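A.B. asks:
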Amino acid sequence: MKAKYIEAKLGRTNLVVHKDGFGALPIQRANFEDSGALLARALDGGINFIDTARAYSDSEEKIGRYISGRRQEYILATKTVALKAADFWKDIETSLGLLKTDHIDIYQFHNLPFAPKPGDESGLYDAALEAQKKGMIRFIGITNHRLPVAKEAVESGLYDTLQFPFSYLSSEKDIELVQLCAEKNVGFIAMKALSGGLLQDIGAARAWLAQYPNVVPIYGIQKMSELEQLIELMEATGDTVPQISPAQKAIIERDRKELIGNFCRACAYCMPCSVGIQLNWACRMDACLKRMPLPGLMTEYWLQEMNKIKDCTQCGLCKTRCPYGLDIPNIIPRNYRIYMEEYRRFHG
Numbered sequence: 315m316k317a318k319y320i321e322a323k324l325g326r327t328n329l330v331v332h333k334d335g336f337g338a339l340p341i342q343r344a345n346f347e348d349s350g351a352l353l354a355r356a357l358d359g360g361i362n363f364i365d366t367a368r369a370y371s372d373s374e375e376k377i378g379r380y381i382s383g384r385r386q387e388y389i390l391a392t393k394t395v396a397l398k399a400a401d402f403w404k405d406i407e408t409s410l411g412l413l414k415t416d417h418i419d420i421y422q423f424h425n426l427p428f429a430p431k432p433g434d435e436s437g438l439y440d441a442a443l444e445a446q447k448k449g450m451i452r453f454i455g456i457t458n459h460r461l462p463v464a465k466e467a468v469e470s471g472l473y474d475t476l477q478f479p480f481s482y483l484s485s486e487k488d489i490e491l492v493q494l495c496a497e498k499n500v501g502f503i504a505m506k507a508l509s510g511g512l513l514q515d516i517g518a519a520r521a522w523l524a525q526y527p528n529v530v531p532i533y534g535i536q537k538m539s540e541l542e543q544l545i546e547l548m549e550a551t552g553d554t555v556p557q558i559s560p561a562q563k564a565i566i567e568r569d570r571k572e573l574i575g576n577f578c579r580a581c582a583y584c585m586p587c588s589v590g591i592q593l594n595w596a597c598r599m600d601a602c603l604k605r606m607p608l609p610g611l612m613t614e615y616w617l618q619e620m621n622k623i624k625d626c627t628q629c630g631l632c633k634t635r636c637p638y639g640l641d642i643p644n645i646i647p648r649n650y651r652i653y654m655e656e657y658r659r660f661h662g
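Anchor point for the sequence shown: position 282 equals 596 in this note's numbering, and the numbering is continuous, going up by one each time.
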């Protein structure tokens with residue numbers, strides 16, 4: 315007899331999934347063998363929703379290689395960054411081939427600066443409708459980091475699902491967006507459930523997200539230890555919605571006090587940097603130093619990476635790309651100084 319887990323319906327798609335999804339972005343950083351073990355264990359452990367993207371280098375290929383033979387066991391979502399219909403068709407054909415499937419359950423427009431509509435000059439939405447008629451995709455979704463674009467997409471009535479950052483660091487406006495999705499019967503997929511790794515207690519994050527019945531979080535998983543921790547939590551709660559414990563409430567309150575506001579979500583849309591700075595780490599290094607084990611950051615590797623900040627040309631391109639409007643050219647020199655002070659103190 316299979317274990318029972320908390321479930322959620324993805325809006326008008328009527329797709330019912332377990333309320334703990336597998337975000338497949340991080341497996342692009344793992345080797346093929348380890349990725350295969352992760353994906354198989356996720357399915358064995360009861361996870362039945364997998365989200366990836368054409369832009370996640372070899373993530374789709376790994377999914378296709380290792381679990382396409384178990385396709386009936388999971389709901390599959392992927393994405394395209396195409397801005398024109400011709401590129402849309404290239405992406406969807408590539409994705410179907412790499413994923414080794416004849417259909418994608420949810421096909422999403424991936425953080426575009428606009429919400430595609432029927433008849434617009436991009437031709438993207440019309441292409442998605444045609445792909446739907448051909449049976450290549452079942453439902454049309456959109457992902458975004460920009461609140462106005464996300465809200466416009468939901469209110470348009472054109473999209474079956476929205477994927478948007480959502481965690482206990484989210485603002486009241488973000489919560490209103492979740493509520494709008496519930497009103498419009500649009501499935502809400504929560505990316506950045508752990509805010510790009512800044513939130514260290516997955517139990518607290520999971521219990522907070524469980525307050526929202528229409529939200530399906532996807533957790534970015536790269537290591538088996540991370541996956542086992544999630545599966546352990548799933549097994550502990552079963553099909554009972556977890557309640558926020560006093561200890562978890564204290565963690566949430568502390569984290570919100572320290573982090574809420576204009577912080578880097580590690581989305582990496584500011585990259586690539588012309589001089590090779592890892593901007594998604596450099597922008598939040600001050601928070602990482604407070605919240606992550608120091609030995610892992612006090613290495614020769616990270617010293618060299620942070621030293622690249624000295625080569626910053628102040629071109630400002632990263633700032634124009636950031637969906638949250640962060641002043642990256644001024645943030646990273648400050649974080650470099652903080653890092654160097656900590657590095658000298660750590661190494662004596």
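The beta-carbon is built from N, C-alpha and C at its ideal position, and this holds for glycine as well.
This structure is a prediction, so every number in the text was calculated from the model and none was measured.
Please name the residue, chosen from Lys333, Leu631, Pro430, Arg568, that lies closest to tyrosine 482 on a Cα-to-Cα basis.
C.D. replies: Position 168 of the sequence shown, counted from the start, is the residue given in the question as residue 482. The shortest C-alpha separation from tyrosine 482 is found at Arg568.
A.B. asks: Considering only their Cβ atoms, is the gap separating isoleucine 320 from threonine 554 smaller than 9 Å?
C.D. replies: As a working mapping, residue 554 is identified with position 240 in the sequence shown. As a working mapping, residue 320 is identified with position 6 in the sequence shown. Contact flag set, yes.
A.B. asks: Can the beta-carbon of alanine 535 be found less than 9 Å from the beta-carbon of leucine 544?
C.D. replies: Numbered from 1 along the sequence shown, position 221 holds the residue referred to as residue 535. Numbered from 1 along the sequence shown, position 230 holds the residue referred to as residue 544. Note that residue 535 is isoleucine in the sequence shown here, rather than alanine. In this structure, leucine 544 lies closer than 9 Å to isoleucine 535 by Cβ.
A.B. asks: Between the segment 338–357 and the segment 400–412, can you find at least three pairs of beta-carbon atoms closer than 8 Å?
C.D. replies: Taking 8 Å as the limit for Cβ pairs, the verdict is that the segment 338–357 does not touch the segment 400–412.
A.B. asks: Could you pull the start and end residues of the beta strand (DSSP E) that glutamine 422 belongs to?
C.D. replies: Residue mapping note: residue 422 aligns to position 108 of the sequence shown, counting from 1. Glutamine 422 -> beta strand (DSSP E) spans 418–424.
A.B. asks: For leucine 573, which option in Gly449, Tyr380, Ala521, Lys604 has the closest C-alpha, if you only look at C-alpha atoms?
C.D. replies: Residue mapping note: residue 573 aligns to position 259 of the sequence shown, counting from 1. Among Gly449, Tyr380, Ala521, Lys604, the Cα nearest to that of leucine 573 belongs to Lys604.
A.B. asks: Hey, could you find the ends of the beta strand (DSSP E) leucine 476 is sitting in?
C.D. replies: Taking the sequence shown and counting its residues from 1, the one referred to as residue 476 is at position 162. Unbroken beta strand (DSSP E) run through leucine 476: 475–479.
A.B. asks: Please classify leucine 508: is it buried, with 16 or more other beta-carbons within 10 angstroms of its beta-carbon, or exposed?
C.D. replies: To locate residue 508, count along the sequence shown from 1; it is residue 194. Buried, because 16 or more other Cβ atoms sit within 10 Å of the Cβ of leucine 508.
A.B. asks: Taking the alpha carbon of glycine 552 as the reference point, which residue from Phe336, Gly360, Leu339 has its own alpha carbon closest?
C.D. replies: Translated into positions along the sequence shown, residue 552 becomes position 238. The option with the nearest alpha carbon to glycine 552 is Gly360.
A.B. asks: So is asparagine 458 buried or exposed if we call it buried at 16+ other beta carbons inside 10 Å?
C.D. replies: Along the sequence shown, read from residue 1 onward, the residue named residue 458 stands at position 144. Counting Cβ neighbours within 10 Å, asparagine 458 comes out buried, since at least 16 surround it.
A.B. asks: Given a threshold of 16 other Cβ atoms within 10 Å of its Cβ, counted over all protein chains shown, does isoleucine 341 qualify as buried or as exposed?
C.D. replies: Numbered from 1 along the sequence shown, position 27 holds the residue referred to as residue 341. It is buried - the Cβ of isoleucine 341 has at least 16 other Cβ atoms within 10 Å.
A.B. asks: Which residues in the same chain as arginine 384 place their Cβ atom closer than 7 Å to its Cβ, once the five residues preceding and following it in sequence are excluded?
C.D. replies: Position 70 of the sequence shown holds residue 384. Within the same chain, arginine 384 has close Cβ partners Leu357.
A.B. asks: Can you give me the C-alpha to C-alpha distance between isoleucine 456 and glycine 662, rounded to a whole angstrom?
C.D. replies: Locating residue 456 in the sequence shown gives position 142, counting from the first residue. Locating residue 662 in the sequence shown gives position 348, counting from the first residue. For isoleucine 456 and glycine 662, the distance between alpha carbons rounds to 49 Å.
A.B. asks: Report the residue from Lys323, Lys498, Cys584, Asp600 whose alpha carbon sits nearest the alpha carbon of asparagine 425.
C.D. replies: Translated into positions along the sequence shown, residue 425 becomes position 111. Considering only alpha carbons, the answer is Cys584.
A.B. asks: In the structure shown, what three-state DSSP assignment does valine 589 receive?
C.D. replies: Within the sequence shown, numbered from 1, the residue matching residue 589 stands at position 275. Coil.
A.B. asks: Would you say arginine 460 and proline 427 are within 9 Å of each other, going by their C-beta atoms?
C.D. replies: For this step, residue 460 is matched to residue 146 along the sequence shown. For this step, residue 427 is matched to residue 113 along the sequence shown. In contact: arginine 460 and proline 427 (Cβ atoms closer than 9 Å).
A.B. asks: Over what stretch of residues does the beta strand (DSSP E) that includes threonine 457 continue unbroken?
C.D. replies: Position 143 of the sequence shown holds residue 457. Start and end: 451–457.
A.B. asks: Is the beta carbon of glutamine 477 sitting closer than 9 Å to the one on glutamine 525?
C.D. replies: Residue numbering aside, residue 477 sits at position 163 when the sequence shown is read from its first letter. Residue numbering aside, residue 525 sits at position 211 when the sequence shown is read from its first letter. No, these two residues do not count as a Cβ contact at 9 Å.
A.B. asks: Does the distance from the C-beta atom of cysteine 581 to that of glycine 510 stay below 9 Å?
C.D. replies: Position 267 of the sequence shown holds residue 581. Position 196 of the sequence shown holds residue 510. Yes, the Cβ-Cβ distance between cysteine 581 and glycine 510 is below 9 Å.
A.B. asks: Indicate the three-state DSSP secondary structure (helix, strand or coil) for proline 531 in the structure shown.
C.D. replies: Numbered from its first residue, the sequence shown carries residue 531 at position 217. DSSP places proline 531 in strand when its eight states are reduced to three.
A.B. asks: When the distance is taken between beta carbons, is arginine 579 closer than 9 Å to lysine 506?
C.D. replies: Residue numbering aside, residue 506 sits at position 192 when the sequence shown is read from its first letter. Residue numbering aside, residue 579 sits at position 265 when the sequence shown is read from its first letter. A contact, by the Cβ cut-off of 9 Å.
A.B. asks: What residue range does the alpha helix (DSSP H) around phenylalanine 346 cover?
C.D. replies: Taking the first residue of the sequence shown as 1, we reach residue 346 at position 32. It spans 346–358 - the alpha helix (DSSP H) in which phenylalanine 346 sits, taken as one unbroken run.
A.B. asks: Is it true that the segment 556–563 meets the segment 325–339, where meeting means three or more beta-carbon pairs spaced less than 8 Å apart?
C.D. replies: As far as the Cβ criterion goes, the segment 556–563 does not touch the segment 325–339, which means the pair count is below three.
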